[in-house]
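Chains as they are written, first to last, in my numbering: chain B, 1 to 359; chain H, 1001 to 1359. Worksheet for the structure shown next.
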């Protein structure tokens, strides 16, 4: 049915291996020689072991970090699902390019290289430098009435993300984070969550950027209608169908980037509700992808918890954030770097002459 | 009864003011002009407002950060309350000085200046450079049989911490973290927790560095005995009495540092169970001190949660750590710096030309 994308996906996903259990065990054994009570660094130790299992070798620190923010517009904004007008997607892309947004400040502070990618903003960026120009369309269709995108647009968006992951690997990046900007995209993420997990719309839909109670009620009804329209008779819809019918161009690009990042054995930090929806689709397509993921934070959007539970991922941070842009993913980077730094740099009991535990 | 310390404490605490509500409101108003949905940075916004309320002015970023690790031994180790032999306190101090411990690695990665202070280690450090030499005694007394320290030693330890806080302020530090090293000191922290909060020893006692079930049972019984011995007939023991009878020299120095840091309007990150026990004593003495505290993380020690609830502090990180040394406090520093960076550096809706929310 969606032959082009299927072919595309095969090219992206054919080399995804599970992270190495052998290397994970080696990492655990090393951690137990370091001058600290066994296991006392908690999740830092889990992170270090996961990263060594992904990279399969000594991991250089500091990590070489990149953050990729995908921007696109959504046809569903015609239904009044957001507190902000649609043009804010365009305005915020310009704000990113002028270093004014939260993700700029965080990326600069934590030394992650930021790339902003237009995959589907409803505006012309012809003369704007600093932006990666990969516009596929000026936003998606209104999914309340027709599928969000064509099969061809889906394939193109997947390829944008996959190409960026390959370029990141080629340029020496080891840790990448994904984020997004797209007014209306929590509605897509809610519809994806319901289709993938079976959660009811009322549990997977939140207030997004801050809608009023009336708009919130309407948003839940829209998510319900969309689910019935496309997946009402299908108990287990295929992830590519979900992505095409109720996704977004930025979400499709993130799916492509996540799958290709796993192929290239990159460590991948996901951000909030939208990027986790992309990750859940990627894992539904290739389950081994899960091993490459780190959940940066737990957002305030209720659907995010549903997805993290579905993916069996524990978020590193819970700071009541709900901004997107990759902000929660960048904020988790210092924790991830801390894990690798203690792994690489701490003394052992033997080298430091410290007595081990009795009994 | 403890006149020397009382006089000492008056000198330290007489200038502690509450953080400024006026400045907190000004900070909130500024945060609402930045290019993000209202409140969408969650606890980063709370942190920024708290810090502006503490500093009462524009806050320079990056913050000037220091971490102070206080080391001392404990007489109670004679009762077999720890998985590690007593000499590990001494050995770990040497490990700190050689940059081999977790806190060294984290302080270096996150650019915090690390100071290690001997207030009561049972060893001679006469020829050791790099250590701050403030030894008061070679450890505390065995509190199962007699008060942990004399009134004079308590006063000296408080003064060590207070002097360091004054020096930190004079050298331009704005954010300080406290940590500790002392085999046996979770037993002190448990006894302090029970005396301050009324929690039963079974809920305030944990496995420390990793004791076996038999030693754990013994540890709970010891915490119970100590509480009965000193505070059995006193429903609300005075914090200085608690500190003298069941504290430690490093804990007393931390109490002095916390109180003096509040006097000097420094932002103070506390670490795990031990440093939070010190903070709880400081707040019991001068309640306004609470406004200067940031809880870096939630440790695995069960008594830590009791204390954080008692202090109405929400930890920034929950990473299943239980190491001490200040490790959890340093790990929280990038989050705190992120809060100030977004506060100082983000664009406003007006400056960026971004449309605001429709209601």
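Glycine is no exception: its CB is placed at the ideal position from the N, C-alpha and C atoms.
query = Nearest chain H C-beta to residue 149 of chain B closer than 8 Å, yes or no?
reply = Residue 149 of chain B is outside the set of residues whose beta carbon lies under 8 Å from a beta carbon in chain H.
message = Let me confirm a value: residue 118 of chain B is counted as buried when at least 16 other C-beta atoms fall within 10 Å, else exposed. Which label applies?
response = Buried.
message = Against chain H, does residue 341 of chain B count as a neighbour if the rule is that its beta carbon must be under 8 Å from one of theirs?
response = Judged by the 8 Å Cβ criterion, residue 341 of chain B is in contact with chain H.
ask   = Within 10 angstroms of its Cβ, does residue 1334 of chain H collect 16 or more other Cβ (buried), or is it exposed?
value = Counting the other CB atoms within 10 Å of its CB gives residue 1334 of chain H a total of 16 or more, which places it among the buried residues.
message = What are the residues in the region 88 to 112 of chain B lying within 9 Å of chain H by C-beta distance?
response = Those residues of the region 88 to 112 of chain B that come within reach of chain H (Cβ to Cβ, closer than 9 Å) are 88, 91, 92, 94, 95, 98, 99, 100, 101, 102, 104, 105, 106, 108, 109, 110.
query = Which of the residues in the region 28 to 50 of chain B, read from start to end, lie with their CB under 7 Å from any CB of chain H?
reply = Hits within the stretch, in order: 35, 36, 37, 38, 40, 41, 42, 43, 44.
query = Are there 16 or more other CB atoms within 10 angstroms of the CB of residue 1228 of chain H, so buried, or fewer, so exposed?
reply = Sixteen is the threshold: since fewer than 16 other Cβ atoms of the shown chains lie within 10 Å of the Cβ of residue 1228 of chain H, the residue is exposed.
ask   = Which word fits residue 172 of chain B, buried or exposed, when buried means at least 16 other C-beta atoms lie within 10 angstroms of its C-beta?
value = Exposed, since its Cβ has fewer than 16 Cβ neighbours within 10 Å.
query = Closest Cβ-Cβ distance between residue 85 of chain B and chain H: below 8 Å?
reply = Yes, because at least one Cβ of chain H sits closer than 8 Å to the Cβ of residue 85 of chain B.
query = Going along chain H, which residues have a C-beta under 8 Å from residue 358 of chain B?
reply = The answer, in chain order, is 1083, 1084, 1085.
ask   = Looking at the C-beta of residue 1334 of chain H, does it have a partner C-beta in chain B at a distance below 8 Å?
value = Yes, its Cβ sits closer than 8 Å to a Cβ of chain B.
request  = Flag this pair as yes or no: are the beta carbons of residue 209 of chain B and residue 84 of chain B separated by less than 8 Å?
outcome  = Their beta carbons are under 8 Å apart, which means residue 209 of chain B touches residue 84 of chain B by this criterion.
request  = Below 8 Å between beta carbons is the criterion; list the residues of the region 1296 to 1322 of chain H that meet it against any residue of chain B, in chain order.
outcome  = Close to chain B, meaning a Cβ-Cβ distance shorter than 8 Å, are the following residues of the region 1296 to 1322 of chain H: 1300, 1316, 1317, 1318, 1319, 1320, 1321, 1322.
inquiry  = What would DSSP say about residue 65 of chain B, mapped onto helix, strand or coil?
reply    = Strand, per DSSP.
inquiry  = For the structure I just gave you, are there three or more beta carbon pairs, one from the region 51 to 64 of chain B and one from the region 1326 to 1346 of chain H, closer than 8 Å?
reply    = With a cut-off of 8 Å, the region 1326 to 1346 of chain H and the region 51 to 64 of chain B do not count as touching, because too few Cβ pairs lie within range.
task = Kindly give me the distance between the Cβ atoms of residue 1360 of chain H and residue 1076 of chain H, rounded to whole angstroms, as I take these residues to be in contact under 8 Å.
result = Chain H is shown from 1001 up to 1359; residue 1360 of chain H falls before or after that span and cannot be answered.
request  = Just tell me which of H:1129, H:1044, H:1096 has its CA closest to the CA of residue 354 of chain B.
outcome  = Looking only at H:1129, H:1044, H:1096, the smallest Cα-Cα distance to residue 354 of chain B is reached by H:1096.
key: Cβ pair residue 1253 of chain H, residue 1243 of chain H closer than 8 Å   = Result no, Cβ atoms of residue 1253 of chain H and residue 1243 of chain H do not sit closer than 8 Å.
request  = Figure out for me which residue from H:1150, H:1323, H:1256 has the closest Cα to the Cα of residue 1010 of chain H.
outcome  = Closest option to residue 1010 of chain H, Cα to Cα, is H:1256.
task = Tell me whether residue 1235 of chain H is buried or exposed, calling it buried when 16 or more other Cβ atoms sit within 10 Å of its Cβ.
result = Residue 1235 of chain H should be labelled exposed.
request  = Report yes if the CB atom of residue 1342 of chain H is closer than 8 Å to the CB atom of residue 1041 of chain H, and no otherwise.
outcome  = Going by C-beta atoms, residue 1342 of chain H is nearer than 8 Å to residue 1041 of chain H.
inquiry  = Counting only Cβ pairs nearer than 8 Å, list the residues of chain H close to residue 354 of chain B.
reply    = What residue 354 of chain B touches in chain H: 1088, 1091, 1092, 1095.
ask   = Along chain H, in chain order, which residues have C-beta atoms closer than 9 Å to that of residue 168 of chain B?
value = By Cβ distance, chain H contributes nothing, its closest Cβ being about 23 Å from residue 168 of chain B, past 9 Å.
ask   = Of the choices B:260, B:277, B:154, whose alpha-carbon is the least far from that of residue 191 of chain B?
value = The candidate whose alpha carbon is nearest that of residue 191 of chain B is B:277.
task = Could you give the DSSP three-state label for residue 1332 of chain H: helix, strand or coil?
result = Taken through DSSP and simplified to helix, strand or coil, residue 1332 of chain H comes out as helix.
key: Chain-ordered neighbours of residue 1209 of chain H on chain B, where CB pairs are closer than 8 Å   = Correct list: 37, 40, 357.
query = Closer than 8 Å, CB to CB, is residue 1234 of chain H near chain B or not?
reply = No, no contact with chain B.
key: chain B contact for residue 1250 of chain H (CB, 8 Å cutoff)   = Residue 1250 of chain H does not count as touching chain B.
ask   = To which residues of the same chain is residue 1269 of chain H closer than 6 Å at the C-beta, ignoring the five residues directly before and after it?
value = Contacts found: 1177, 1294, 1296, 1329, 1332.
request  = Quick one: which residues of the region 47 to 79 of chain B get their C-beta closer than 7 Å to a C-beta of chain H? List them in chain order.
outcome  = Of all residues in the region 47 to 79 of chain B, none has a Cβ within less than 7 Å of some Cβ in chain H.
query = Between H:1092, H:1300, H:1152, which lies nearest to residue 347 of chain B when the distance is taken from Cα to Cα?
reply = When only C-alpha atoms are compared, the closest one is H:1092.
query = Which whole runs of the alpha helix (DSSP H) in the region 1010 to 1037 of chain H are 4 residues long or more, in chain order?
reply = Fully enclosed alpha helix (DSSP H) runs of 4 or longer: 1021 to 1031.
task = Decide if the region 1125 to 1137 of chain H is in contact with the region 1218 to 1233 of chain H; the criterion is three or more beta carbon pairs, one per stretch, under 8 Å apart.
result = Contact between the region 1125 to 1137 of chain H and the region 1218 to 1233 of chain H is absent, because fewer than three Cβ pairs lie under 8 Å.
key: Cutoff 8 Å: residue 1162 of chain H Cβ touching any chain B Cβ   = So, not an interface residue.
inquiry  = Against chain B, does residue 1346 of chain H count as a neighbour if the rule is that its beta carbon must be under 8 Å from one of theirs?
reply    = Answer yes: the Cβ-Cβ gap between residue 1346 of chain H and chain B drops below 8 Å somewhere.
request  = Return helix, strand or coil for residue 256 of chain B, following the three-state DSSP convention.
outcome  = Of the three classes helix, strand and coil, the one that applies to residue 256 of chain B here is helix, per DSSP.
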